[in-house]
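In the numbering used here, the protein residues as written are 103 to 336. All residues carry an ideal CB built from backbone N, CA and C; glycine is no exception. Computed from a predicted structure; not experimentally measured. Here's the structure we're looking at; comments come further down.
Here is the structure:
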């Protein structure tokens with residue numbers, strides 16, 4: 103909404119503002135849905151209708167993105183960096199975050215170091231405990247490579263890393279029939295591995311998993327998390 107992500111900086115106005123409008127008209131957040139299921143009310147400030155309308159109608163790229171003295175590292179002095187969210191930084195100039203670098207929420211909140219023990223973080227230990235191929239050893243990396251290669255060969259799904267593999271296995275447990283399809287070949291009905299779902303080769307299918315994208319212009323896949331999820335070259 104305010105140009106926080108660096109991938110949005112490539113284009114200039116009016117294209118930048120148009121892309122922002124398109125992105126904000128179709129964005130999707132799981133927090134409120136998960137909250138409702140648990141009886142919790144989740145409020146997302148940037149999704150607030152008043153704030154969202156103001157940002158889209160009253161700001162452009164030059165308001166949001168520019169050069170600024172930023173604290174890129176806690177142990178180094180401020181230096182000139184390109185950054186987004188400038189209007190938000192200017193609104194709270196005395197806040198520590200006003201001159202702080204933009205980090206993903208898991209970094210900014212500190213959850214990436216949650217439960218660090220013997221040099222390993224929570225998720226690495228959790229995956230190992232559930233027999234997911236995740237290890238810094240050459241053997242562990244080779245096992246991961248073999249497993250992801252087999253998934254691509256048999257199901258046509260590109261697995262990015264061990265964490266993605268872990269989520270994929272949970273997905274299969276929840277939707278066991280989603281990556282298989284009955285086909286008839288030479289008069290016999292067989293269960294054959296396919297590229298995934300019913301959209302193989304379809305222009306509106308994710309290029310990484312082949313599940314349907316939520317509209318004909320989106321670049322993010324809500325199923326596998328791929329970005330870009332479609333070819334950028336016509």
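Can you tell me whether DSSP reads residue i as helix, strand or coil?
{"i": "residue 314", "result": "strand"}
{"i": "residue 324", "result": "coil"}
{"i": "residue 114", "result": "coil"}
{"i": "residue 202", "result": "strand"}
{"i": "residue 209", "result": "helix"}
{"i": "residue 270", "result": "helix"}
{"i": "residue 140", "result": "coil"}
{"i": "residue 105", "result": "coil"}
{"i": "residue 333", "result": "coil"}
{"i": "residue 192", "result": "helix"}
{"i": "residue 176", "result": "coil"}
{"i": "residue 156", "result": "helix"}
{"i": "residue 259", "result": "coil"}
{"i": "residue 148", "result": "helix"}
{"i": "residue 130", "result": "coil"}
{"i": "residue 123", "result": "helix"}
{"i": "residue 162", "result": "coil"}
To which residues of the same chain is residue i closer than 6 angstroms at the C-beta, ignoring the five residues directly before and after it?
{"i": "residue 337", "result": "In the structure as shown, the chain starts at 103 and stops at 336, and residue 337 therefore has no counterpart that could be examined."}
{"i": "residue 193", "result": "none"}
{"i": "residue 111", "result": "167"}
{"i": "residue 118", "result": "163"}
Bridge partners of residue i, per DSSP?
{"i": "residue 182", "result": "171"}
{"i": "residue 307", "result": "314"}
Mind checking residue i: buried by the 16 CB within 10 Å criterion, or exposed?
{"i": "residue 137", "result": "exposed"}
{"i": "residue 251", "result": "exposed"}
{"i": "residue 191", "result": "buried"}
{"i": "residue 187", "result": "buried"}
{"i": "residue 167", "result": "buried"}
{"i": "residue 105", "result": "buried"}
{"i": "residue 156", "result": "exposed"}
Under 8 angstroms Cβ to Cβ from residue i, same chain only, skipping five residues before and after it: list those, please.
{"i": "residue 164", "result": "115"}
{"i": "residue 272", "result": "none"}
{"i": "residue 277", "result": "none"}
{"i": "residue 254", "result": "260, 261"}
{"i": "residue 130", "result": "316, 324"}
{"i": "residue 121", "result": "110, 113"}
{"i": "residue 182", "result": "169, 170, 171, 172"}
{"i": "residue 331", "result": "308, 309, 310, 315, 320, 321, 322, 323"}
Excluding sequence positions up to five away, which residues of its chain have a Cβ less than 7 angstroms from the Cβ of residue i?
{"i": "residue 180", "result": "171, 172, 173, 201"}
{"i": "residue 126", "result": "103, 154, 158"}
{"i": "residue 189", "result": "104, 161, 165, 166"}
Answer yes or no: the CB of residue i versus the heavy atoms of the ligand SAH, is any distance below 7 angstroms?
{"i": "residue 191", "result": "This structure lacks the ligand SAH, and indeed carries no ligand of any kind."}
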